[in-house]
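As structure tokens, the structure follows; a few thoughts come after it.
Numbering (the numbering used here), first residue to last: 428 to 555.
Quick look at the structure:
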């Protein structure tokens, strides 16, 4: 017994992550409200990832690092993650300096090469 496949392309459900725009300099008393908005986005079916647009945060500093760390912690507690959009290279360097790693839009994730892929070796190179 066989069944015919439906004609046309298979249905693909592409989910677009929700976006949380972080406005200009964020005051310390605004952080709990932003965390609550992030939690609501994740609970509202944001596919486990919320994109945080950090382009308007202004010059990076420890207050921005604290905000992003709290947002990531909130997202993880809700079963999700955040991804940064429009991150300044200085902010990215500062986050790396304090040991925080975030996925950044447009940046390829670093990972091991696929199995079976070997680097080319020039003849005459000493063995390691």
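Where is the CB? At the ideal position from N, CA and C, for every residue including glycine.
Please read all numbers here as calculations on a predicted model, not as lab measurements.
With DSSP collapsed to three states, give me the class of residue i.
i: residue 447; result: strand
i: residue 531; result: strand
i: residue 417; result: This structure cannot speak to residue 417, because the chain is shown only from 428 to 555.
i: residue 456; result: helix
i: residue 481; result: coil
Terminal residues of the continuous alpha helix (DSSP H) containing residue i?
i: residue 493; result: 489–504
With respect to the beta strand (DSSP E) encompassing residue i, which residues constitute its N-terminal and C-terminal limits?
i: residue 510; result: 508–512
Between residue i and residue j, which are expected to be in contact by the criterion C-beta below 8 Å, what is the C-beta distance as a whole number of angstroms?
i: residue 522; j: residue 529; result: 6 Å
i: residue 477; j: residue 496; result: Actually they do not touch by this definition, with Cβ atoms about 15 Å apart.
i: residue 518; j: residue 487; result: 4 Å
i: residue 494; j: residue 453; result: 6 Å
By Cβ distance, which residues of its chain are closer than 6 Å to residue i, with the 5 residues on each side in sequence left out?
i: residue 484; result: 449 and 491
i: residue 514; result: 481 and 531
Within a Cβ cutoff of 8 Å, which residues of the same chain sit near residue i, ignoring the five residues on either side of it in sequence?
i: residue 510; result: 444, 476, 477, 478, 479, 529, 530, 531 and 532
i: residue 455; result: 490
i: residue 471; result: 445
I'd like to check one pair, residue j with residue i: are the Cβ atoms closer than 8 Å?
i: residue 512; j: residue 482; result: yes
i: residue 466; j: residue 505; result: yes
i: residue 468; j: residue 498; result: no
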